[in-house]
């Protein structure tokens, strides 16, 4: 039981470090926590594989959004190989992203669920879920999120 406890503690620390790097706008710090072949499942989108794809995703996000994860709660499976996080993302829509509503500095706040697979002490999969329709309502109406 002691070894499992260490594994779950290590996984919880890994996920917290991931969000600390996210909140610090530290892309290199985030990438250092990922496996080389990390799988990234994008909300209502496709799946990308590898650190190069994740780096490009982060760069695109930085161009269009400024975000911070708050009230992060981390849950870890008994063997430490899976984790989930629940949090609220607070953001500002900086620049229009593709065919999404026009950006004009709108703020938003959304509940997010994230799921992770852990391999060799690093994150091997990141899957995020949030309500895109709610986000669109918040930024489309030009009103501030809570």
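Residue numbers (this note's numbering): 2 to 147.
Glycine residues also receive a C-beta, built at the ideal position from the N, C-alpha and C atoms.
Small disclaimer: the values here were computed from a predicted structure and weren't measured.
Checklist entry - What separation, rounded to the nearest whole angstrom, lies between the Cα atoms of residue 140 and residue 121? => result 39 Å
Next on the checklist: Across the segment 11-28 and the segment 108-128, are there enough close Cβ pairs to call them in contact, namely three or more that are closer than 8 Å?
Outcome noted: yes
Checklist entry - Using the beta-carbon count (16 or more within 10 Å), is residue 74 buried or exposed? => result exposed
Checklist entry - Short check: CB of residue 84 to CB of residue 117, under 8 Å? => result yes
Next on the checklist: Using DSSP's beta-bridge definition, name the partner residues of residue 77.
Outcome noted: 84
Next on the checklist: If you follow the beta strand (DSSP E) that residue 35 is in, where does it begin and where does it stop?
Outcome noted: 35-42
Next on the checklist: Using C-beta distances below 6 Å, list every residue in its chain close to residue 119, excluding the 5 sequence neighbours before and after it, in chain order.
Outcome noted: 12 and 82
Item to check | Own chain residues within Cβ distance below 8 Å of residue 103, not counting five before or after | outcome: 97
Next on the checklist: By the three-class DSSP mapping on this structure, what secondary structure does residue 145 have?
Outcome noted: No answer about residue 145 holds up, because its pLDDT of 46 lies below 50 and its placement is not dependable.
Checklist entry - Mind checking residue 35: buried by the 16 CB within 10 Å criterion, or exposed? => result buried
Checklist entry - Near residue 146, which residues of its chain fall below 6 Å by C-beta distance, leaving aside the five closest residues on each side in sequence? => result Note that residue 146 scores 43 on pLDDT, short of 50, meaning its location in the model is unreliable and no value can be drawn from it.
Next on the checklist: Helix, strand or coil for residue 14? Go by DSSP, reduced to three states.
Outcome noted: helix
Item to check | Same chain, Cβ closer than 7 Å to residue 19, five either side skipped, listed in chain order | outcome: 31, 34 and 124
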